[in-house]
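Novice: Going line by line, the protein sequences match chains A and B. Just so we're aligned, residue 1 is where the first sequence starts under this note's numbering, counting upward by one. Just so we're aligned, residue 1001 is where the second sequence starts under this note's numbering, counting upward by one. Pasting a structure below so you can have a look.
Protein chains: 2
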Amino acid sequence: MASASNAELAPLIRKLESIATLSDEARQAVHALPMAVRVVEPRQDLARDKDKPAHCCVLLTGWAYRYKLLDEGRRQILSFHVPGDIPDLQSLHLHVMDHSLATVTQCRVGLIPHEGLRALCLRFPDAAFALWRDTLIDAAIFREWMIGIGRRNAHSRIAHIFCEMYVKLQAVGLAENHRCAWPVTQTDLGDALGLSNVHVNRVLQDLRAQGLIGPQDRDLVILDWDALSALGEFDETYLHLERRAAA
Amino acid sequence: MASASNAELAPLIRKLESIATLSDEARQAVHALPMAVRVVEPRQDLARDKDKPAHCCVLLTGWAYRYKLLDEGRRQILSFHVPGDIPDLQSLHLHVMDHSLATVTQCRVGLIPHEGLRALCLRFPDAAFALWRDTLIDAAIFREWMIGIGRRNAHSRIAHIFCEMYVKLQAVGLAENHRCAWPVTQTDLGDALGLSNVHVNRVLQDLRAQGLIGPQDRDLVILDWDALSALGEFDETYLHLERRAAA
DNA sequence: CGTCGTATTGAATGGGTTCAAGTAGCGTGG
DNA sequence: CCACGCTACTTGAACCCATTCAATACGACG
């Protein structure tokens, strides 16, 4: 396990700087976190329901998602994650996984021992607060998804998640001009939003026909931001961004 | 603002002890937190969407709930809270409220300045970790609600929330023998679970007719725990309790 | 005893699901 | 180079869980 005072952790730093302010010492300490880097193929589990992991996964490249399986093949996707995210940071204090974590695309993943993170938090309170804040924003996103699933119709839910992921990617410099990668399948999207893949398909066609988004499946092109964000009732306050990545 | 080294904060201590282990010093420091106590009538806001609070609210008695209002009177309830909870603890690190917090019943509420909590966290890392853990369990509950709203039918959702609130209350010594208070209206329940009040009403009648719960509206009596928890696919792992209150 | 919030009931409606087929794109191997 | 197989996307039709609307009952409280 190398002490990675190199560029590997740049996505994490960039993410943390987008939501908090780090002292120079804290930033260096984050850079110096012990980490093992792995390349993981698409659709592989990084952590499973009931596991008791001893490390956290930081996404360096690629997309991941958290999910929980129920009876009869039902699945609820809980979140999507992009480079810089630590999707299982909660495992630092919740010792049993209550859901699973898997890759969407091929990913470079950094494994950071809980030990290292705990030491960081004890020595650098501002790093601890930044990580805590990260988990709180995670929770704020859950709340927003609950609102969508509970009270918005299918068009609005889909519009909302497009806006959310675009802003998240933009904040870490991975999107601009209302375009970004979209590796998520229609079935994934349905399982995230409490919809069937069939209905997701019909709504997407409708959004395309209305000229809100581009025709591609694998790239998200937002053709009419104002209309899409209005449809999704999207207000980015809940993402609690402090600054955007310099392009 | 009295420094309350008295019994007022007992519910908070009891709650934290149910989810974490505190050193004696940390427990005393929690007890010594500066706090102003207020009595708040039912259905009053404790914090509003867009507010920038300078304190957190700890519930000493009574129930509260978090919610967000949308257009046309739509409302999503995000959580219910019971004595010992700090429903707006996230405001310690997220400076703008992205939802509102209100009382269900009359409540005794302790207002603790962020200042005091921040100082506690800096001096007592185990207290900081306990509070962080509390917010992570909060997030775990959001995830579980997402699963319910997204992928469970109305019967299952209602059964699930009954099990959850009973276990939460039991953990802090406020419920036993499968009975507890239930101050939540059917409309509240619908707004929490993404259902209409009308449908909640019909499902409740059905659950009563099946002998799973008692006939009262204002008290929850679980007549058949096994059947109710099976119906709700309830598995308390996600509550991450470390111990139950001594009765 | 009237009033307001909450619970209850019935009937019509609808957004989204389910089931079942069919299509399109792409990598693999013969 | 094309057949094969896999995965994702697309389409149509029947169905249903839950909503909506509208009216009625209940019960606590001043």
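For glycine and all other residues, C-beta sits at the position ideal for the given N, C-alpha and C.
(1) Determine the direct distance from the alpha carbon of Ile1222(B) to that of Asp1024(B), and round the result to whole angstroms.
(2) Starting from Pro34(A), follow the beta strand (DSSP E) in both directions and report where the run begins and ends.
(3) Enumerate, from N- to C-terminal direction, the unbroken alpha helix (DSSP H) stretches of 4 or more residues contained entirely within the stretch 1087-1140 of chain B.
(4) Closest Cβ-Cβ distance between Thr1237(B) and chain A: below 8 Å?
(5) Could you tell me whether the Cβ of Leu1174(B) comes closer than 8 Å to any Cβ of chain A?
(6) Between Ala171(A) and Leu70(A), how many whole angstroms is the CB-CB distance? I'm expecting something under 8 Å.
(7) Find the residues of chain B that neighbour Pro125(A), judging by a C-beta separation of less than 7 Å, and give them in chain order.
(8) Here's the rule: buried if 16 or more other CB atoms are within 10 angstroms of the residue's CB, otherwise exposed. What is Gln76(A)?
(9) Using a C-beta to C-beta distance shorter than 7 Å, which residues of chain A count as neighbours of Phe1234(B)?
(10) Taking 7 Å as the limit between beta carbons, can you name the residues of its chain near Leu1111(B), skipping five residues before and five after?
(11) Measuring CB to CB, does Pro183(A) end up less than 8 Å from Val82(A)?
(12) Check whether the stretch 130-149 of chain A touches the stretch 40-47 of chain A, taking contact to mean three or more Cβ pairs, one atom from each stretch, closer than 8 Å.
(13) Pull the bridge partners of Leu1220(B) from the DSSP assignment, please.
(14) If I'm right that Arg152(A) touches His160(A) with Cβ under 8 Å, what's the distance once you round it to whole angstroms?
(15) Any beta carbon of chain B sitting closer than 8 Å to that of Phe142(A)?
(16) Helix, strand or coil: how does DSSP classify Gln28(A) here?
(17) Spell out whether any CB of chain A is found under 8 Å from the CB atom of Leu1220(B).
(18) How would you label Lys168(A), buried or exposed, when you count the other beta carbons within 10 angstroms and need 16 or more for buried?
(19) I'd like the span of the alpha helix (DSSP H) that includes Leu231(A), first residue to last.
(20) Kindly indicate which three-state DSSP category Phe1142(B) falls into: helix, strand or coil?
(21) From Ala127(A) to Ala1119(B), what distance separates their C-alpha atoms?
(22) Name, in chain order, the residues that DSSP records as bridge partners for Arg75(A).
(23) For Lys52(A), count neighbouring C-beta atoms within 10 Å of its own C-beta (all shown protein chains included) and say buried if the count is 16 or more, exposed if not.
(24) Give me the residue from Cys163(A), Gln216(A) and Leu78(A) with the minimum Cα distance to Gly190(A).
(25) Taking the alpha helix (DSSP H) that His1055(B) falls in, what are its first and last residues?
(26) Are any of the Cβ atoms in chain A nearer than 8 Å to that of Met1146(B)?
(27) Does any residue of chain B bring its CB to less than 8 Å from the CB of Thr185(A)?
(28) Chain A partners of Thr1135(B), CB-CB under 7 Å?
(29) With 8 Å set as the bound, which would you pick, yes or no: does the beta-carbon of Ile149(A) sit closer than that to a beta-carbon of chain B?
(30) Short check: CB of Asp1134(B) to CB of Ile1019(B), under 8 Å?
(31) So which residues of chain B does Gly116(A) contact, with C-beta pairs closer than 7 Å?
(32) Please check if any C-beta of chain A sits within less than 8 Å of the C-beta of Ala1159(B).
(33) Counting only C-beta atoms, is Phe129(A) closer than 8 Å to chain B at any point?
(34) Excluding the 5 residues flanking Glu1233(B) on each side, which residues of the same chain have their C-beta closer than 8 Å to its C-beta?
(35) What does a CB cutoff of less than 8 Å around Arg1014(B) pick up in its chain, not counting 5 residues either side in sequence?
(36) Residues of chain B with a CB under 7 Å from the CB of Arg74(A): which are they?
Specialist: On the basis of the supplied data:
(1) Along the second sequence, one-based indexing puts residue 1024(B) at 24. Along the second sequence, one-based indexing puts residue 1222(B) at 222. Rounded to whole angstroms, Asp1024(B) to Ile1222(B) spans 37 Å at the Cα level.
(2) What you label residue 34(A) is simply residue 34 of the first sequence in a count that begins at 1. Taken as a continuous stretch (DSSP letters only), the beta strand (DSSP E) holding Pro34(A) covers Pro34 to Val40.
(3) 1114-1123
(4) On the second sequence, residue 1237(B) is found 237 positions in, with the first residue counted as 1. Yes, its Cβ sits closer than 8 Å to a Cβ of chain A.
(5) Your numbering for residue 1174(B) matches position 174 in the second sequence. So no, Leu1174(B) is outside the interface.
(6) For the purposes of this step, residue 171(A) is identified with residue 171 of the first sequence, where counting begins at 1. For the purposes of this step, residue 70(A) is identified with residue 70 of the first sequence, where counting begins at 1. Not really, about 32 Å apart at Cβ, beyond 8 Å.
(7) Numbered from its first residue, the first sequence carries residue 125(A) at position 125. Residues of chain B passing the Cβ test: Leu1122.
(8) Counted from its first residue, the first sequence places residue 76(A) at position 76. Gln76(A) is buried by the Cβ-count criterion.
(9) Counted from its first residue, the second sequence places residue 1234(B) at position 234. Here the premise fails: no neighbours, minimum Cβ distance about 12 Å.
(10) As a first step, residue 1111(B) must be located in the second sequence, where it is residue number 111. Met1035, Ala1036, Arg1038, His1055 and Cys1057, listed in sequence order.
(11) Numbered from 1 along the first sequence, position 183 holds the residue referred to as residue 183(A). Numbered from 1 along the first sequence, position 82 holds the residue referred to as residue 82(A). No, Cβ-Cβ distance for Pro183(A) and Val82(A) is not below 8 Å.
(12) no
(13) For this step, residue 1220(B) is matched to residue 220 along the second sequence. The partner list for Leu1220(B) (beta bridge, DSSP) reads Cys1180(B).
(14) The residue you call residue 152(A) lines up with position 152 of the first sequence. The residue you call residue 160(A) lines up with position 160 of the first sequence. Going by Cβ atoms, the distance from Arg152(A) to His160(A) rounds to 7 Å, so yes, they are a contact pair.
(15) Here the question's residue 142(A) lines up with position 142 in the first sequence. Closer than 8 Å: yes.
(16) Translated into positions along the first sequence, residue 28(A) becomes position 28. The answer is helix: DSSP assigns Gln28(A) an H, G or I state.
(17) Locating residue 1220(B) in the second sequence gives position 220, where the first residue counts as 1. It does not: the Cβ of Leu1220(B) has no partner Cβ on chain A nearer than 8 Å.
(18) The residue you call residue 168(A) lines up with position 168 of the first sequence. The residue is buried, with at least 16 neighbouring Cβ atoms inside 10 Å.
(19) Translated into the one-based positions of the first sequence, residue 231(A) becomes position 231. Note, Leu231(A): alpha helix (DSSP H), Trp225 to Leu231.
(20) Within the second sequence, residue 1142(B) is the residue found at index 142, counting from 1. Helix.
(21) Within the first sequence, numbered from 1, the residue matching residue 127(A) stands at position 127. Within the second sequence, numbered from 1, the residue matching residue 1119(B) stands at position 119. Each residue's Cα considered, the two are about 16 Å apart.
(22) Within the first sequence, the letter at position 75 stands for residue 75(A). Leu69(A).
(23) On the first sequence, residue 52(A) is found 52 positions in, with the first residue counted as 1. The residue is exposed, with fewer than 16 neighbouring Cβ atoms inside 10 Å.
(24) Within the first sequence, residue 190(A) is the residue found at index 190, counting from 1. Per the Cα distances, Leu78(A).
(25) One-based indexing of the second sequence puts residue 1055(B) at position 55. Counting along the chain, His1055(B) falls outside any alpha helix (DSSP H), though it belongs to the beta strand (DSSP E) covering His1055 to Thr1061.
(26) If you number the second sequence from 1, residue 1146(B) lands on position 146. So, interface residue.
(27) For the purposes of this step, residue 185(A) is taken as the residue at position 185 of the first sequence. Chain B contact via Cβ: absent.
(28) Counted from its first residue, the second sequence places residue 1135(B) at position 135. In chain order: Thr135, Leu136 and Ala139.
(29) Along the first sequence, read from residue 1 onward, the residue named residue 149(A) stands at position 149. Closer than 8 Å to some Cβ of chain B, the Cβ of Ile149(A) qualifies, so yes.
(30) Here residue 1134(B) refers to the residue found at position 134 of the second sequence. Here residue 1019(B) refers to the residue found at position 19 of the second sequence. Closer than 8 Å, so yes.
(31) As a first step, residue 116(A) is located in the first sequence; it is residue number 116 there, counting from the start. Correct list: empty, because the minimum Cβ distance to chain B is about 16 Å.
(32) Taking the first residue of the second sequence as 1, we reach residue 1159(B) at position 159. No, Ala1159(B) does not count as interfacial toward chain A.
(33) One-based indexing of the first sequence puts residue 129(A) at position 129. Judged by the 8 Å Cβ criterion, Phe129(A) is in contact with chain B.
(34) Indexing the second sequence from 1 puts residue 1233(B) at position 233. So the qualifying residues of the chain are Arg1152, Ser1156 and His1160.
(35) Counted from its first residue, the second sequence places residue 1014(B) at position 14. Gly1084, Val1172, Gly1173 and Ala1245.
(36) Mapped onto the first sequence, residue 74(A) falls at position 74. Under the 7 Å cutoff, chain B gives Arg1151.
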